[in-house]
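Heads up: the structure comes next, in structure tokens.
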Amino acid sequence: MNKNSGNHFPLLPLKHMDSAQLSFELLSQVQRFNRDGREMVTSAAQLATHLHRGQTRRQRSNLPRVPYIEHPLRVAIRIMRWGNPSPKTVTSALLHDTAEDCASRFAELSGMNEEAQSHLAPEQLQHHALQFISESYGRTVGLAVAAVTRAPRALGPYLDDIRQIILTGSYTAKLVKASDLVDNAGSLQHQFGHVPDQMVAKLVAKYMPAVILLAAELERIDAQEGPMPSEYPIAQAAARLRSIEPGLARLVKELHIHFEHPNPPEAS
């Protein structure tokens, strides 16, 4: 084998990989699983790609928008780089935005036409999507995706969602949310100066408290319940969240964002 082929390529940062590279990286990473695990993750990747088709996402800097599927691919691969997560965790990561963003397409997959969909409330469509995921990939995946899915007409602040994940979410849900936050919040320092300051400030104010709270929760789990099995790379996730805090703090200062350190949630 040529030394420049296959796994001999340098390990690139996920933010530098396009859709094709991310797909091949996932294909390479899933070889660690047994046959059933590989089939589950591959199926989830195909489903996520189908559901997110046509959706795009802002890239770093002022570059053109990219296919949305790159985001869940990065979220999944990042967790695999942290440790040895189960296929269910990787599957949850791949599907983490589908019930929130693609509920009507789940209905289409079930044979529901537009007329039938028009009689359902958004909450019903989302419930159907989550049920589809649970029936296809199991209860663990279904619950994890549900935990990180925002209700269609939710009015509460984003931080309330994070507090709920901390209080009731599984280790899988917390890992998925940690990787999701790294992807979303970690990109803001690269967007600063290339998109309106008001947009960056709004997102920093949204994500900074979430990063702090979830990192603290993962550190608590690692300290009180560790050492964790490699299936749950909790410490690695916490460290990665902490690593993006300085960049966010610089943006808080640069953009003069009013920021109060969030209090951890209290169990009722």
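Per the working numbering, the sequence shown starts with residue 210, numbered consecutively. Using N, Cα and C, we set each Cβ at its ideal position, and we do this for glycine too.
- In the same chain as M289, and ignoring 5 residues on each side of it, the C-beta atoms closer than 7 Å to its own belong to Q238 and V299, in chain order.
- Runs of the alpha helix (DSSP H) spanning 4 or more residues and lying entirely within the segment 350–381 occur at 367–377, in chain order.
- Following the DSSP letters along the chain, one finds P281 inside the alpha helix (DSSP H) bounded by residues E279 to W291.
- By the neighbour-count definition (other C-beta atoms within 10 Å, threshold 16), R283 is a buried residue.
- A straight line joining the alpha-carbon of Q407 with that of L464 spans about 9 Å.
- Annotation for A257: I278, P281, L303, L304 and T307 place their beta carbon closer than 7 Å to its own, counting only its chain and skipping 5 residues before and after.
- Classified as exposed, H328 has fewer than 16 neighbouring CB atoms from the shown chains inside 10 Å of its CB.
- At a Cβ-Cβ threshold of 8 Å, R359 and E426 do not count as neighbours.
- In this structure, F401 lies away from L339, with their beta-carbon atoms at least 8 Å apart.
- Taking 8 Å as the cut-off, the beta carbon of L368 is found closer than this to the beta carbon of A419.
- Around I421, the same chain offers E454, H470 and P471 as residues with beta carbons nearer than 8 Å, after the five sequence neighbours per side are excluded.
- In this chain, the alpha helix (DSSP H) harbouring P455 covers I443 to E463.
- Remark: C-beta atoms of L423 and V413 do not approach each other more closely than 8 Å.
- Under the three-pair Cβ rule at 8 Å, the segment 329–338 counts as touching the segment 310–317.
- The three-state secondary structure of R262, taken from DSSP, is coil.
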